[in-house]
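First the structure, in the form of structure tokens, and then the observations on it.
Residue numbers (the working numbering), protein chains in the order written: chain A, 10 to 181; chain B, 166 to 450.
Below, the structure is given as structure tokens:
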């Protein structure tokens with residue numbers, strides 16, 4: 010049993026089925042895309058308990074009892090409108106992963122996560138375009154719409170921060 | 166591709182995990198975060214009959230302090246390490262290094278222990294663990310516990326001191342409070358494996374380097390310490406000239422691989438350049 014986009018869901022699967030295949034082939038939530046299927050491209054990014062993960066590198070068995078959010082569960086979202094306004098896509102294949110990733114990224118930033126762009130990793134810097142590029146580095150766009158993607162995130166970051174859920178702190 | 170069929174076990178205690186491992190023997194693979202294991206299974210480079218997932222064992226994830234030591238559970242995720250104030254304060258090199266592992270999505274699932282036991286020679290964390298004199302707590306059949314220093318933990322390509330039937334449960338890091346640190350990673354794109362990387366941490370007193378630890382990534386089949394550079398840096402001012410001179414021997418005694426990213430000589434050259442940059446940055450931080 011897991012929760013997908015707020016709906017309690019029971020699945021009976023072979024252990025080898027990835028979360029990505031469970032979503033696409035068994036729950037028919039085809040918004041989450043299969044790009045490389047080996048953890049390099051970010052097209053399959055979904056949120057598990059508010060954190061970004063790669064659905065292709067997660068077994069469905071591993072999210073037993075967890076909350077999974079896919080692109081179907083986030084829309085309509087102001088970031089989607091901003092992607093259209095700022096030309097943040099061309100073919101659109103990476104877009105669901107980009108949107109889920111950006112939502113998770115803003116929540117992590119609000120939670121206080123540092124990045125390697127900031128030399129002092131003990132402080133949380135503002136979400137400048139440079140910070141956004143580093144923090145979104147797990148999501149490739151082969152059409153090269155990066156400038157539009159960054160602009161869309163800059164436009165929407167304050168609204169997303171207000172919507173962001175609190176993340177669980179590190180256990181002691 | 167789709168992995169070969171396997172049974173999935175999710176034990177809820179270290180004892181149960183050890184028992185499952187003892188029963189399955191060669192036919193089982195341990196899964197920590199799965200970020201390296203799942204691609205391996207999908208490419209069918211390995212086809213275990215059982216996958217033993219450690220993520221349901223309470224107590225294996227978390228960061229605490231015991232006197233002069235930071236204790237990190239083997240199943241602590243990379244993002245836990247990056248977000249930890251304790252690690253930032255007492256093991257800055259580890260925090261800066263882990264922040265460079267892959268990308269944010271992978272850092273949410275990948276674990277410190279999993280990456281260290283996987284022991285990919287291009288993996289980032291080994292060099293920092295070595296430089297910080299980490300100790301590894303390994304539990305074996307019947308609960309027998311032993312502690313292995315970093316200098317003996319890495320054995321060869323994808324091989325560590327963790328033997329068949331054993332589990333890594335903790336990484337213990339002596340506090341390096343107040344030491345500056347830098348992980349200088351040379352890559353083509355942001356989340357790639359390091360072509361070469363240097364983990365440097367130094368202790369400064371009034372502009373002089375009083376202690377230095379340098380770890381090298383991907384300069385051989387295991388992470389290496391640049392001990393000659395560490396010795397040459399002692400008592401030196403943190404100036405470009407002095408650090409450059411001390412860094413000249415960074416590649417001494419190493420045998421780095423040649424591949425499409427660069428040949429062995431190129432990696433040896435990079436080791437010197439990256440050591441200079443890492444030490445200068447660490448001295449200034």
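C-beta: ideal position from N, C-alpha, C; glycine also.
The structure presented is a predicted model; accordingly, all values stated were derived computationally and were not measured.
Going by Cα to Cα distance, which pick from the options is closest to residue i?
{"i": "residue 83 of chain A", "options": "A/27, A/178, A/172 and A/69", "result": "A/172"}
{"i": "residue 383 of chain B", "options": "B/174, B/430 and B/236", "result": "B/430"}
{"i": "residue 131 of chain B", "options": "B/322, B/305 and B/189", "result": "The requested residue 131 of chain B is not part of the displayed model; chain B covers only 166 to 450."}
{"i": "residue 25 of chain A", "options": "B/325, B/222, B/215 and B/372", "result": "B/215"}
{"i": "residue 46 of chain A", "options": "A/30, A/57 and A/35", "result": "A/30"}
{"i": "residue 330 of chain B", "options": "B/184, B/178 and B/169", "result": "B/184"}
{"i": "residue 242 of chain B", "options": "B/182, B/200 and B/388", "result": "B/200"}
{"i": "residue 312 of chain B", "options": "B/371, B/386 and B/299", "result": "B/299"}
{"i": "residue 122 of chain A", "options": "A/144, A/13 and A/18", "result": "A/144"}
{"i": "residue 61 of chain A", "options": "A/110, A/154 and A/88", "result": "A/110"}
{"i": "residue 389 of chain B", "options": "B/362, B/401 and B/368", "result": "B/362"}
{"i": "residue 439 of chain B", "options": "B/387, B/365, B/343 and B/396", "result": "B/365"}
{"i": "residue 305 of chain B", "options": "B/181, B/250 and B/445", "result": "B/181"}
{"i": "residue 318 of chain B", "options": "B/336, B/393 and B/435", "result": "B/336"}
{"i": "residue 284 of chain B", "options": "B/314, B/346 and B/326", "result": "B/326"}
{"i": "residue 433 of chain B", "options": "B/295, B/385 and B/444", "result": "B/385"}
{"i": "residue 249 of chain B", "options": "A/124, A/14, A/142 and A/77", "result": "A/124"}
{"i": "residue 334 of chain B", "options": "B/204, B/393 and B/240", "result": "B/240"}
{"i": "residue 224 of chain B", "options": "B/179, B/349, B/387 and B/230", "result": "B/179"}
{"i": "residue 294 of chain B", "options": "B/257, B/226 and B/269", "result": "B/257"}
{"i": "residue 368 of chain B", "options": "B/222, B/449 and B/202", "result": "B/449"}
{"i": "residue 355 of chain B", "options": "A/37, A/170, A/167 and A/148", "result": "A/148"}
{"i": "residue 78 of chain A", "options": "A/12, A/150 and A/156", "result": "A/12"}
Report all residues from its chain with a CB closer than 8 Å to the CB of residue i; omit the five preceding and five following residues, and keep chain order.
{"i": "residue 166 of chain B", "result": "207, 208 and 209"}
{"i": "residue 246 of chain B", "result": "228, 237, 252, 259, 260, 263 and 277"}
{"i": "residue 212 of chain B", "result": "168, 169, 171 and 206"}
{"i": "residue 273 of chain B", "result": "242, 243 and 244"}
If you follow the alpha helix (DSSP H) that residue i is part of, which residue opens it and which one closes it?
{"i": "residue 314 of chain B", "result": "Premise fails: residue 314 of chain B lies in the beta strand (DSSP E), 310–314, not in any alpha helix (DSSP H)."}
{"i": "residue 229 of chain B", "result": "Per DSSP, residue 229 of chain B belongs to no alpha helix (DSSP H); it is in the beta strand (DSSP E), 228–231."}
{"i": "residue 254 of chain B", "result": "250–255"}
{"i": "residue 167 of chain A", "result": "155–172"}
{"i": "residue 326 of chain B", "result": "Unbroken run through residue 326 of chain B: none, as it is neither H nor E."}
{"i": "residue 223 of chain B", "result": "Counting along the chain, residue 223 of chain B falls outside any alpha helix (DSSP H), and DSSP gives it neither H nor E."}
{"i": "residue 288 of chain B", "result": "Element bounds for residue 288 of chain B: n/a, residue is neither H nor E."}
{"i": "residue 181 of chain B", "result": "179–189"}
{"i": "residue 169 of chain B", "result": "Neither: residue 169 of chain B is in no alpha helix (DSSP H) and is coded neither H nor E."}
{"i": "residue 91 of chain A", "result": "87–94"}
{"i": "residue 207 of chain B", "result": "202–207"}
Residues bridged to residue i by DSSP?
{"i": "residue 402 of chain B", "result": "B/373"}
{"i": "residue 276 of chain B", "result": "B/242"}
{"i": "residue 27 of chain A", "result": "A/68"}
{"i": "residue 301 of chain B", "result": "B/313 and B/336"}
{"i": "residue 390 of chain B", "result": "B/380"}
{"i": "residue 196 of chain B", "result": "B/218"}
{"i": "residue 174 of chain B", "result": "B/217"}
{"i": "residue 319 of chain B", "result": "B/325"}
{"i": "residue 137 of chain A", "result": "The partner list for residue 137 of chain A (beta bridge, DSSP) is empty, contrary to what the question assumes."}
{"i": "residue 366 of chain B", "result": "B/346 and B/378"}
{"i": "residue 361 of chain B", "result": "B/351"}
Suppose the cutoff is 6 Å on Cβ atoms and the five residues either side in sequence are ignored; what does the same chain contact list for residue i look like?
{"i": "residue 39 of chain A", "result": "33"}
{"i": "residue 426 of chain B", "result": "360"}
{"i": "residue 102 of chain A", "result": "42"}
{"i": "residue 280 of chain B", "result": "288 and 290"}
{"i": "residue 218 of chain B", "result": "175 and 196"}
Taking the continuous beta strand (DSSP E) assigned at residue i, which residues delimit it?
{"i": "residue 238 of chain B", "result": "234–238"}
{"i": "residue 61 of chain A", "result": "60–63"}
{"i": "residue 437 of chain B", "result": "Element bounds for residue 437 of chain B: not the beta strand (DSSP E) but the alpha helix (DSSP H), 429–449."}
{"i": "residue 104 of chain A", "result": "Here residue 104 of chain A belongs to no beta strand (DSSP E); instead the alpha helix (DSSP H) covers 104–120."}
{"i": "residue 345 of chain B", "result": "345–351"}
{"i": "residue 77 of chain A", "result": "76–78"}
{"i": "residue 57 of chain A", "result": "54–57"}
{"i": "residue 22 of chain A", "result": "Residue 22 of chain A -> no beta strand (DSSP E), and no H or E assigned at all."}
{"i": "residue 13 of chain A", "result": "11–13"}
Grab me the residues of residue i's own chain with a C-beta within less than 7 Å of its C-beta, minus the 5 sequence neighbours each way, in chain order.
{"i": "residue 116 of chain A", "result": "59, 173, 174 and 176"}
{"i": "residue 437 of chain B", "result": "412, 413, 415 and 416"}
{"i": "residue 271 of chain B", "result": "200"}
{"i": "residue 27 of chain A", "result": "64, 65, 67, 68 and 69"}
{"i": "residue 324 of chain B", "result": "284"}
{"i": "residue 187 of chain B", "result": "306 and 330"}
**Prompt:** Hey, is the region 51–68 of chain A in contact with the region 105–117 of chain A, meaning 3+ C-beta pairs nearer than 8 Å?
**Reply:** Counting Cβ pairs under 8 Å, three or more are found: they touch.
**Asked** Counting pairs of Cβ atoms below 8 Å between the region 167–183 of chain B and the region 132–150 of chain A, do you hit three or more?
**Response** No, because fewer than three Cβ pairs between the region 167–183 of chain B and the region 132–150 of chain A fall closer than 8 Å, the two stretches do not touch.
**Message:** Within 8 Å, do at least three Cβ pairs link the region 410–421 of chain B to the region 373–388 of chain B?
**Reply:** Yes, the region 373–388 of chain B touches the region 410–421 of chain B.
**Prompt:** Should the region 184–192 of chain B be called in touch with the region 264–274 of chain B, which here means at least 3 C-beta pairs below 8 Å?
**Reply:** In this structure the region 184–192 of chain B does not touch the region 264–274 of chain B; the number of beta carbon pairs closer than 8 Å is below three.
**Message:** Does the contact criterion of 3 or more C-beta pairs under 8 Å hold for the region 91–100 of chain A versus the region 149–162 of chain A?
**Reply:** Verdict: yes, contact present.
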